[in-house]
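Participant: Can you keep this structure in mind? I'll have questions shortly.
There are 2 protein chains.
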Amino acid sequence: MPLGTDYARQDCSLARSLEVVGERWTLLILRDAFFGVRRFSDFQAHLDISRAVLSTRLEALVADGLLTRAGDGHPEYALTEEALGLWPALFALGQWGERRTTPGRPRRLYRHVGCGEMASDGRCETCGGFPAPADVEVRPGPGADPTLRDDPVSVALREPHRLLEPLLVR
Amino acid sequence: MPLGTDYARQDCSLARSLEVVGERWTLLILRDAFFGVRRFSDFQAHLDISRAVLSTRLEALVADGLLTRAGDGHPEYALTEEALGLWPALFALGQWGERRTTPGRPRRLYRHVGCGEMASDGRCETCGGFPAPADVEVRPGPGADPTLRDDPVSVALREPHRLLEPLLVR
DNA sequence: CTCCATTGGTCTGATGATCGAACCAGTGCA
DNA sequence: TGCACTGGTTCGATCATCAGACCAATGGAG
């Protein structure tokens, strides 16, 4: 167990979650994975994270069963079924941040593909259900700031696209 | 801005959230606050956190508008309206941890007061709505391990009680 | 009013985590 | 055969966290 993440002796499922995803950068890595990022250099370019830490985090996520590492040469990291279950939590935390920082001007908008827009509680406004991540499309919203980053990964992420679909950079 | 929490240049609401609640211990402090913990020594007893870090975190949470600090002598920390909006995210993350570690044997069970049990997506199974934290009652579930901790705060938290209601320790 | 335990902290030195930068081996295209 | 790129690892410096000592203010008992 990584040293900074030990919440032993807490009889609490939240502590159990945080031992896996509570370290600095981990949730942002997973968010990027939902958005389609799969390669080491793409994570690195988009997150401005030190390579050493990224390497450690990816290794831990694979060991914890949240990511798979495929390909001998230049590996691709993809979310496991178990990691997909994190989507509601990730979405809720993101929506809280939207409401807090730029209320009324979301940075990103989410759509239930072939159905309707998603409300900030994660429900599709048309069908009322909770779309699985694979059925969700992201696109920039009115609060997006395209001047903030211009690395190729950020540019690619600004194209409307489905979650989980591997990102085509450049 | 605290040094370890700077995710500047991320045009992402999740990063904005994590700058506020992403540091070690912060989410556990907020969870305890939802459970009714209000006093410095109670947080400390329940979390086994160093006083210095607890002090820093509480101060930051007050500065960020998630907690209020009331009382001159022995202060009480209470969640603000803004912090209440974190409940869905906190709940979702906790439920993910439940499913991951002890599927089928949840550590805690949640009830919509006067209505019905809550499902793991946060909906009340009877009325179908999302109860606000003030209308939720917590109690230990079949996966709870009462031998893990026996400090007075943990004992008090094992009594069924509503969220947000100030905890009576001893 | 005087003790004195409790509360809510602060301070300190040791240890652990993160950082940017340098380095390096394997891949893959020209 | 070269050479750029990818996916790392290693390094020293800096920052965060830890346990434990310390301390001032509160508040109840006598």
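Protein chains in written order, with my numbering: chain A, -10 to 159; chain B, -10 to 159.
Don't be surprised by glycine CBs; every beta carbon is placed ideally from N, CA and C.
#1: Would you call Gly103 of chain B buried or exposed, if buried means 16 or more other Cβ atoms sit within 10 Å of its Cβ?
#2: Can at least three beta-carbon pairs, one atom from the segment 3 to 11 of chain B and one from the segment 20 to 30 of chain B, be found at a separation below 8 Å?
#3: Leaving out five residues before and five after Leu82 of chain A in sequence, what residues of the same chain have Cβ atoms less than 8 Å from its Cβ?
#4: With three or more beta-carbon pairs closer than 8 Å as the criterion, would you say the segment 73 to 81 of chain B touches the segment 72 to 90 of chain A?
#5: Where does the unbroken alpha helix (DSSP H) through Pro141 of chain B begin, and where does it stop?
#6: Cα separation between Leu43 of chain B and Leu3 of chain B?
#7: Quick one: grab the DSSP three-state call for Arg5 of chain A.
#8: Count the other C-beta atoms from every protein chain shown that fall within 10 angstroms of the C-beta of Pro135 of chain B, then say buried if there are 16 or more, exposed otherwise.
#9: Give a yes or no on whether the minimum CB-CB distance between Cys1 of chain B and chain A is below 8 Å.
#10: Between the segment 30 to 43 of chain B and the segment 88 to 102 of chain B, do three or more beta carbon pairs fall short of 8 Å?
#11: So, is the C-beta of Asp134 of chain B closer than 8 Å to a C-beta in chain A?
#12: Looking at the structure shown, is Gly105 of chain B part of a helix, part of a strand, or coil, going by DSSP?
#13: Can you list, in chain order, the residues of its chain whose CB lies under 8 Å from that of Leu156 of chain B, leaving out five sequence neighbours each side?
#14: Have a look at Leu7 of chain A and Gly86 of chain B and give me their C-alpha separation to the nearest angstrom.
#15: Can you pull the DSSP bridge partners for Ala22 of chain B?
#16: How would you call Arg128 of chain B, buried or exposed, if buried means at least 16 neighbouring beta carbons within 10 angstroms?
#17: So Ala52 of chain B is in the alpha helix (DSSP H); what residue range does that whole segment cover?
#18: Can you tell me whether DSSP reads Glu154 of chain A as helix, strand or coil?
#19: Give me the subset of the segment 107 to 133 of chain B whose CB atoms are less than 7 Å from a CB atom of chain A, sorted by chain position.
#20: Residues of chain B with CB closer than 7 Å to the CB of Gly74 of chain A, please, in chain order.
#21: 8 Å is my cut-off, CB to CB: does Pro77 of chain A come that close to chain B?
Facilitator: Inspection of the coordinates gives the following:
#1: exposed
#2: no
#3: Leu16
#4: yes
#5: 141 to 147
#6: 23 Å
#7: helix
#8: exposed
#9: yes
#10: no
#11: yes
#12: strand
#13: Phe24, Gly25, Val26, Arg27, Asp31, Val142, Ala145, Leu146, His150
#14: 8 Å
#15: Its beta-bridge partners do not exist; DSSP assigns none.
#16: exposed
#17: 40 to 52
#18: coil
#19: Asp110, Phe119, Ala133
#20: Trp85, Arg88
#21: yes
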